[in-house]
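Numbering-wise (this note's numbering), the sequence shown opens with residue 284 and increments by one.
Backbone N, C-alpha and C fix where the C-beta goes; we use that ideal spot for every residue, glycine too.
Before any comments, here is the structure.
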Amino acid sequence: MAGVSYATVSRALNGSDQVNEKTRQRVQEICDSVGYSPNALARGLVTNSSNAIGLIIPNITNPFYPEVALGVEGEARARGYNVFLCNSNFEPERMESYFRILIERRVEGLIVASVPDAARGLFDFYRKRMPVVYIGSRPADEECNCVATDSVKGGYLAADHLIKLGHQRIVFIGGTRTSNSQIDKLKGFRLAMEENGLQPEVRLNINYQYNKRESGYDMAKVLIQEKNPPTAIMGSNDMVALGALEACEEYGLDVPGDMSIIGFDDIPYASLPKIQLTTIAQAKDQLGKIAVDMLFKLKENGLKNNCMKEVLQPELIIRSSCRKL
Numbered sequence: 284m285a286g287v288s289y290a291t292v293s294r295a296l297n298g299s300d301q302v303n304e305k306t307r308q309r310v311q312e313i314c315d316s317v318g319y320s321p322n323a324l325a326r327g328l329v330t331n332s333s334n335a336i337g338l339i340i341p342n343i344t345n346p347f348y349p350e351v352a353l354g355v356e357g358e359a360r361a362r363g364y365n366v367f368l369c370n371s372n373f374e375p376e377r378m379e380s381y382f383r384i385l386i387e388r389r390v391e392g393l394i395v396a397s398v399p400d401a402a403r404g405l406f407d408f409y410r411k412r413m414p415v416v417y418i419g420s421r422p423a424d425e426e427c428n429c430v431a432t433d434s435v436k437g438g439y440l441a442a443d444h445l446i447k448l449g450h451q452r453i454v455f456i457g458g459t460r461t462s463n464s465q466i467d468k469l470k471g472f473r474l475a476m477e478e479n480g481l482q483p484e485v486r487l488n489i490n491y492q493y494n495k496r497e498s499g500y501d502m503a504k505v506l507i508q509e510k511n512p513p514t515a516i517m518g519s520n521d522m523v524a525l526g527a528l529e530a531c532e533e534y535g536l537d538v539p540g541d542m543s544i545i546g547f548d549d550i551p552y553a554s555l556p557k558i559q560l561t562t563i564a565q566a567k568d569q570l571g572k573i574a575v576d577m578l579f580k581l582k583e584n585g586l587k588n589n590c591m592k593e594v595l596q597p598e599l600i601i602r603s604s605c606r607k608l
């Protein structure tokens, strides 16, 4: 239809400088008129570029991760790249499957939020062969490229705030998952308590492997029914803290009148008028943006600098879920 060879059509659609502008426009007009769209995967095989990256998150129902994903998407699109989003649901087998699917899709890099221990071997295998960046607290593998929040400092800030309000019996609650993020929060929590001569108490819900609202709800119910319940609870994240708030409401306890509660993450729910949760904020969108920037630096440097790290500082956000004793 355009009166040119198949090779010329291909070059025109791929922006080759071997095709003059008049021919390029004629080819594009004909393609538009018949509704033709080039096959992106086939084009990627030719150009060796898919203009896509993969993002694997562990729990799409936790508002923390969609905010990180928005940061990743915004920065990627600004660079002309698309993002394949995958939700592993904390399942190592599903994460391994997504790794392979994304590689088959010829993504040019991977960003992974929270890697289960069972999948770490596969994670290490791929990061030595392509740009891979980890989002979260410090990774167990010190050579891993990562962008993280200083969760030790965050845990310290949360406990220190409650201690300054006069609380002495403060309990840290969460799931049983031994993620580096939770380990670091606990480290900061214990440090603040011990510096003030207080006994740190930790309750991890054996019925939940991960930090969900349900784990906070169940654990708070147990604490509320104790003969001498604590005066304050620190949730391993905001979802756990919201579960504790729900349990207090169910048992007729006023927050903060009868129980002070502090969370971690500063998800959108935390600032709702009826919740007003005091929490530790993470710059979630920045985590995503910096991860993309790190990924492209790895890509440009040919993986030569394969041990980059960037740590963001947490911030105490004071609302109305904690009171002075």
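Tell me where the alpha helix (DSSP H) around residue i begins and ends.
i      : result
Glu391 : No alpha helix (DSSP H) holds Glu391; DSSP gives it neither H nor E.
Phe373 : Premise fails: Phe373 is in no alpha helix (DSSP H) and is neither H nor E.
Could you check what DSSP says for residue i in three-state terms: helix, strand or coil?
i      : result
Cys429 : strand
Leu445 : helix
Ser604 : coil
Thr330 : No answer about Thr330 holds up, because its pLDDT of 48 lies below 50 and its placement is not dependable.
Ser397 : coil
Glu509 : coil
Asp537 : coil
Ile343 : coil
Glu598 : strand
Asp549 : coil
Ser498 : helix
Lys592 : strand
Tyr609 : Summary: the structure shown does not reach residue 609, with the chain confined to residues 284 through 608, and so no result is reported for it.
Ile384 : helix
Ala325 : Below a pLDDT of 50, predicted positions are generally treated as unreliable, and Ala325, at 49, falls in that range; no measurement from the model is reported.
Gly363 : coil
Whole angstroms is fine: what's the gap from residue i's alpha carbon to residue j's?
i      : j      : result
Tyr449 : Gln508 : The residue you asked about is not Tyr; residue 449 is Gly in the sequence shown. Rounded to whole angstroms, Gly449 to Gln508 spans 22 Å at the Cα level.
Tyr348 : Asp521 : 12 Å
Lys504 : Glu593 : 38 Å
Lys305 : Glu350 : 44 Å
Arg383 : Phe455 : 37 Å
Ile343 : Gly337 : 15 Å
Arg360 : Glu312 : 26 Å
Arg307 : Gln301 : 10 Å
Gly419 : Asn303 : 49 Å
Gly540 : Arg606 : 7 Å
Asp549 : Gly437 : 12 Å
Val538 : Ile544 : 7 Å
Val485 : Met502 : 11 Å
Val575 : Arg412 : 17 Å
Pro414 : Ser604 : 42 Å
Glu358 : Asn511 : 50 Å
Gly546 : Asn370 : 24 Å
Tyr534 : Lys495 : 20 Å
Leu578 : Phe408 : 16 Å
Leu536 : Met542 : 7 Å
Ile601 : Tyr500 : 22 Å
Leu445 : Ile453 : 8 Å
Leu528 : Gln559 : 11 Å
Glu478 : Gln565 : 24 Å
Phe367 : Leu469 : 33 Å
Ile563 : Pro375 : 28 Å
Asp443 : Glu387 : 48 Å
Gly526 : Lys447 : 24 Å
Ala431 : Arg309 : 50 Å
Glu356 : Glu391 : 15 Å
Ser554 : Ile573 : 25 Å
Met517 : Asn584 : 42 Å
Leu506 : Glu532 : 14 Å
Gly363 : Ala530 : 46 Å
Lys557 : Leu570 : 28 Å
Met476 : Thr561 : 18 Å
Starting from residue i and walking both ways along the beta strand (DSSP E), at which residues does that stretch end?
i      : result
Gly571 : Looking at the DSSP string, Gly571 is not in any beta strand (DSSP E); the run it does join, the alpha helix (DSSP H), is 567-584.
Gly518 : 515-518
Ile558 : That residue, Ile558, is in no beta strand (DSSP E); it is neither H nor E in DSSP.
Just to check my reading of the structure: residue i and residue j have Cβ atoms closer than 8 Å, yes? What is that Cβ distance to the nearest angstrom?
i      : j      : result
Gly354 : Lys580 : At roughly 17 Å, the Cβ-Cβ gap does not stay under 8 Å, so Gly354 and Lys580 are not in contact.
Gly457 : Gln465 : 6 Å
Asn428 : Met591 : 5 Å
Ile489 : Ala396 : Actually they are not in contact, since the Cβ atoms of Ile489 and Ala396 sit about 25 Å apart, beyond 8 Å.
Which parts of the segment 450-493 are runs of the alpha helix (DSSP H), unbroken and 4 residues or longer, counting only runs that do not cross its ends?
The segment 450-493 contains these whole alpha helix (DSSP H) runs: 463-478.
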